[in-house]
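Input: a single structure, listed below in structure tokens.
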């Protein structure tokens with residue numbers, strides 16, 4: 009009692025036994041089986057020649073039990089799948105799904121979700137590459153290698169045969185762990201490959217269509233091509249430098265803006281041509297006259313490819329931009345077909361008519377039933393992404409992977425369902441403001457895109473069965489750490505009407521060291537020797553802590569690192585989360601009738617044919633009282 013004792017191999021073995029055993033779990037990820045609380049065979053039978061074999065047998069049995077349990081869980085998970093996704097997303101409003109979801113909502117609202125104070129951290133576990141896929145196993149392998157090195161030194165210093173045998177047992181044990189973890193790493197990588205193979209094969213046809221380069225020979229690259237030809241050539245040949253700029257217009261603008269900001273250099277357009285993967289890229293998503301004037305100051309229309317995006321070709325903002333460009337190209341003596349691409353309906357609409365009149369403008373199809381806010385993973389977003397050198401196959405594979413893990417009716421296994429339930433439970437508890445707060449400048453515009461998705465999909469005044477309602481949550485975009493100094497004061501001490509979603513990166517694209525300096529000023533000098541990655545991660549954790557301490561609802565989505573694959577995961581997660589929430593409210597998630605009234609009024613005010621009655625209605629509105637005009 010209270011005396012120092014010498015560390016022996018047997019004692020070391022006992023310590024090793026308390027470490028976590030690792031096995032391969034569902035979706036190919038590693039799962040911890042918990043501490044093995046058994047007495048080491050090596051400790052009990054150290055003096056017998058069979059100690060190693062007894063230990064090895066126990067270890068193998070434990071691993072076999074873990075594998076059997078994992079297989080059973082996989083089979084159970086398959087049996088719980090309650091629907092297919094993607095093409096059948098509308099089935100989410102069906103009776104079967106509602107029956108399975110309703111008790112989940114009630115349970116969550118009555119339990120932890122109603123009081124979710126920092127209680128829900130969701131890790132996007134999808135591999136962001138083979139290195140990430142095997143990172144946990146590699147860590148275990150490296151630990152075993154270090155143990156082997158240490159035990160080898162102990163073996164060399166051993167004075168008795170008994171000690172030598174015991175240290176050799178530990179060395180052999182760690183060699184076995186290296187074998188196990190190496191096999192697990194291989195299996196995890198294989199599972200990742202299997203999960204994405206099908207998606208990639210399915211998407212190959214789409215990708216090949218995007219790679220077409222008009223009728224010109226690929227070997228000629230950009231020689232003699234029009235801006236459209238150069239634009240398309242860049243889709244087919246990764247890294248080909250284009251002379252032309254690319255300007256994008258349309259009501260689906262937030263998706264391409266978001267992907268551009270997320271996956272390209274934050275100052276992409278300012279980079280020299282040899283450091284860009286594609287042309288300069290601009291998105292016109294407004295009809296502010298100053299904005300249009302200023303765009304024309306930085307592009308040469310005759311050397312620019314314009315991608316006009318509109319399902320109907322009747323969107324006033326988009327078609328206004330088209331008319332401006334049409335006029336400029338005519339004045340420059342340039343054929344519209346050489347500089348314009350349409351993304352529109354395959355069979356009808358104004359852009360289809362214009363294309364026919366011009367003898368066929370190069371066009372991509374906006375699929376039926378896909379609204380602007382859900383369109384990033386179709387040609388609306390994939391075409392500009394491909395032009396910019398983004399890995400669109402990785403983007404789609406990430407979405408497909410998220411789809412594959414969101415088929416369970418269990419909140420514990422379905423991150424989209426878990427997030428939807430948390431948000432709906434919060435809304436039912438009076439939390440009518442949802443804050444999306446990424447701690448990454450690359451994800452700044454993902455918050456904008458999410459706000460459109462969430463607001464336009466859930467803000468409804470009528471249920472599917474025609475009953476009046478006024479549902480929806482007001483989305484607010486915020487950026488960490490910038491808005492810690494402008495908004496977080498309100499979030500921590502203002503009304504209890506908000507739920508905050510953090511988007512947090514496990515790893516940033518780079519580390520930036522903070523140099524040491526100002527040693528005479530402790531308030532500054534403590535920062536030296538750290539990195540900016542450490543600082544932003546600490547600020548993220550501190551903000552979550554402050555909200556939790558104040559009793560404010562918040563949860564975190566962890567992203568291993570930001571790349572095409574994980575962005576595809578995020579997009580599909582939020583789209584599916586939105587569909588789930590709409591089903592829970594029994595509303596039509598995919599329409600936007602509230603927007604249409606404003607469109608009609610705009611048409612009437614500008615004198616569009618067929619809107620005379622609406623114009624009379626507007627003219628009959630009472631005039632503003634002069635007494636109230638300052």
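Residue numbers (our numbering): 9 to 638.
Glycine included, C-beta positions come from ideal geometry on N, C-alpha and C.
Coarse secondary structure for residue i, derived from DSSP in three states
{"i": "residue 400", "result": "helix"}
{"i": "residue 3", "result": "No answer is possible for residue 3: the residues shown for the chain start at 9 and end at 638."}
{"i": "residue 362", "result": "helix"}
{"i": "residue 350", "result": "strand"}
{"i": "residue 597", "result": "coil"}
{"i": "residue 622", "result": "helix"}
{"i": "residue 564", "result": "strand"}
{"i": "residue 611", "result": "helix"}
{"i": "residue 436", "result": "helix"}
{"i": "residue 294", "result": "coil"}
{"i": "residue 6", "result": "Because residue 6 is not part of the residues shown, which for the chain are 9 to 638, the question remains open."}
{"i": "residue 148", "result": "helix"}
{"i": "residue 636", "result": "helix"}
{"i": "residue 371", "result": "strand"}
{"i": "residue 261", "result": "coil"}
{"i": "residue 449", "result": "helix"}
{"i": "residue 166", "result": "coil"}
{"i": "residue 470", "result": "strand"}
{"i": "residue 484", "result": "strand"}
{"i": "residue 376", "result": "coil"}
{"i": "residue 590", "result": "helix"}
{"i": "residue 489", "result": "coil"}
{"i": "residue 340", "result": "coil"}
Burial state of residue i, where buried means 16 or more other Cβ atoms lie within 10 Å
{"i": "residue 365", "result": "exposed"}
{"i": "residue 168", "result": "exposed"}
{"i": "residue 560", "result": "buried"}
{"i": "residue 529", "result": "exposed"}
{"i": "residue 343", "result": "exposed"}
{"i": "residue 266", "result": "buried"}
{"i": "residue 477", "result": "exposed"}
{"i": "residue 165", "result": "exposed"}
{"i": "residue 181", "result": "buried"}
{"i": "residue 313", "result": "buried"}
{"i": "residue 639", "result": "The chain is shown only over 9 to 638; residue 639 falls outside these bounds and no answer can be derived."}
{"i": "residue 189", "result": "buried"}
{"i": "residue 173", "result": "buried"}
{"i": "residue 335", "result": "exposed"}
{"i": "residue 381", "result": "buried"}
{"i": "residue 633", "result": "exposed"}
{"i": "residue 473", "result": "exposed"}
{"i": "residue 157", "result": "exposed"}
{"i": "residue 340", "result": "exposed"}
{"i": "residue 637", "result": "exposed"}
{"i": "residue 396", "result": "buried"}
{"i": "residue 268", "result": "buried"}
Beta carbon of residue i nearer than 7 Å to that of residue j
{"i": "residue 489", "j": "residue 346", "result": "no"}
{"i": "residue 271", "j": "residue 398", "result": "yes"}
{"i": "residue 392", "j": "residue 309", "result": "no"}
{"i": "residue 535", "j": "residue 544", "result": "no"}
{"i": "residue 351", "j": "residue 387", "result": "yes"}
{"i": "residue 492", "j": "residue 574", "result": "no"}
{"i": "residue 379", "j": "residue 357", "result": "no"}
{"i": "residue 564", "j": "residue 510", "result": "yes"}
{"i": "residue 507", "j": "residue 442", "result": "yes"}
{"i": "residue 354", "j": "residue 588", "result": "no"}
{"i": "residue 298", "j": "residue 328", "result": "no"}
{"i": "residue 424", "j": "residue 579", "result": "no"}
{"i": "residue 455", "j": "residue 444", "result": "yes"}
{"i": "residue 152", "j": "residue 179", "result": "no"}
{"i": "residue 406", "j": "residue 577", "result": "yes"}
Taking contact to mean at least 3 C-beta pairs separated by less than 8 Å, is the stretch 499 to 517 in contact with the stretch 462 to 469? Between the stretch 499 to 517 and the stretch 462 to 469, the count of C-beta pairs closer than 8 Å stays below three; the two stretches do not touch.
Is it true that the stretch 477 to 494 meets the stretch 441 to 460, where meeting means three or more beta-carbon pairs spaced less than 8 Å apart? In this structure the stretch 477 to 494 touches the stretch 441 to 460; the number of beta carbon pairs closer than 8 Å is three or more.
For the structure I just gave you, are there three or more beta carbon pairs, one from the stretch 283 to 292 and one from the stretch 408 to 415, closer than 8 Å? Verdict: no, contact absent.
For the stretch 587 to 604 against the stretch 531 to 546, do three or more pairs of beta-carbon atoms, one drawn from each stretch, fall closer than 8 Å, so that the two count as touching? With contact defined as three or more Cβ pairs closer than 8 Å, the stretch 587 to 604 and the stretch 531 to 546 are not in contact.
Write down every uninterrupted run of the beta strand (DSSP E) in the stretch 380 to 424 whose length is 3 residues or greater and which is fully enclosed by it, in chain order. Fully enclosed beta strand (DSSP E) runs of 3 or longer: not present.
Decide if the stretch 509 to 520 is in contact with the stretch 554 to 571; the criterion is three or more beta carbon pairs, one per stretch, under 8 Å apart. Per the Cβ contact rule, the stretch 509 to 520 is in contact with the stretch 554 to 571 (3 or more Cβ pairs under 8 Å).
Tell me the start and end of each unbroken beta strand (DSSP E) in the stretch 497 to 584 that is at least 3 residues and wholly inside, in chain order. Every unbroken stretch of the beta strand (DSSP E) spanning 3 or more residues and falling wholly within the stretch 497 to 584 is given here in chain order: 506 to 515, 561 to 569.
Whether or not the stretch 412 to 431 and the stretch 618 to 626 are in contact is what I'm after, with contact meaning three or more pairs of Cβ atoms, one per stretch, closer than 8 Å; do they touch? Under the three-pair Cβ rule at 8 Å, the stretch 618 to 626 does not count as touching the stretch 412 to 431.
Pairing CB atoms from the stretch 309 to 318 with CB atoms from the stretch 430 to 438, are three or more of them under 8 Å? By the criterion of at least three beta-carbon pairs nearer than 8 Å, the stretch 309 to 318 is not in contact with the stretch 430 to 438.
In chain order, each alpha helix (DSSP H) run of at least 4 residues that lies wholly inside the stretch 295 to 319: The qualifying runs are 297 to 304.
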